[in-house]
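Notes follow once the structure below has been shown.
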Amino acid sequence: MPKPKYHVLVCTTDRPPGNPRGSCGEKGSKEELLPAFYSEMEKHMLFGQILITESSCLGPCPMGATVVVYPDGTWYKGVKASDVAEIMESHIVNGQPVERLAIPDEMWG
Ligand code: FES
2 MPKPKYHVLV
12 CTTDRPPGNP
22 RGSCGEKGSK
32 EELLPAFYSE
42 MEKHMLFGQI
52 LITESSCLGP
62 CPMGATVVVY
72 PDGTWYKGVK
82 ASDVAEIMES
92 HIVNGQPVER
102 LAIPDEMWG
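In terms of my numbering, the sequence shown opens at residue 2 and continues consecutively.
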């Protein structure tokens with residue numbers, strides 16, 4: 002098996018309603034976002050070229066749903082299923098991260 006070119010981590014952590022941190026799961030990351038990534042992977046025939054992994058909490062919960070793409074280290078915030086086609090086409094296929102969804106480096110302190 003060849004080494005995947007990209008590794009996509011999708012946070013699917015779910016917390017009970019009312020939790021002050023919120024969670025990506027309550028924003029549909031498990032039911033909508035993750036399947037959308039798998040669907041786009043299939044559409045672009047990227048089997049073996051990318052690895053999509055369901056992840057536990059990645060940290061910036063209030064900004065979720067959170068997705069991280071390695072090896073670039075691009076962190077995406079507020080990702081919805083409707084954004085996945087753009088991420089896959091622009092970032093994964095053409096190597097151009099989607100700036101409007103990226104968490105700016107300055108936010109990491
Ligand atoms: S719950 Fe997704 S980043 Fe914390």
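Every residue gets a Cβ at the ideal spot worked out from N, C-alpha and C, and that includes glycine. Being a predicted model, the structure only gives us computed values, none of them experimental.
Next on the checklist: Quick check on this structure: which residue in I51, K44, I88 has the alpha carbon closest to the alpha carbon of G79?
Outcome noted: I88
Next on the checklist: Which same chain residues end up closer than 8 Å to S91 when comparing Cβ atoms and leaving out the 5 residues on each side of it in sequence?
Outcome noted: Q97, P98, V99
Checklist entry - Measuring CA to CA, which of G65, E32, Q50, P63 is closest to P72? => result Q50
Next on the checklist: So, at 7 Å on beta carbons, what are the nonlocal neighbours of L59 in its own chain, with the 5 sequence-adjacent residues on each side left out?
Outcome noted: L10, C12, T67, V69
Next on the checklist: Which residue wins for smallest C-alpha separation from L56, given the options G110, T14, P5?
Outcome noted: Here the sequence assigns Ser to residue 56, which means Leu is not the residue at that position. When each option's Cα is compared against that of S56, the closest is T14.
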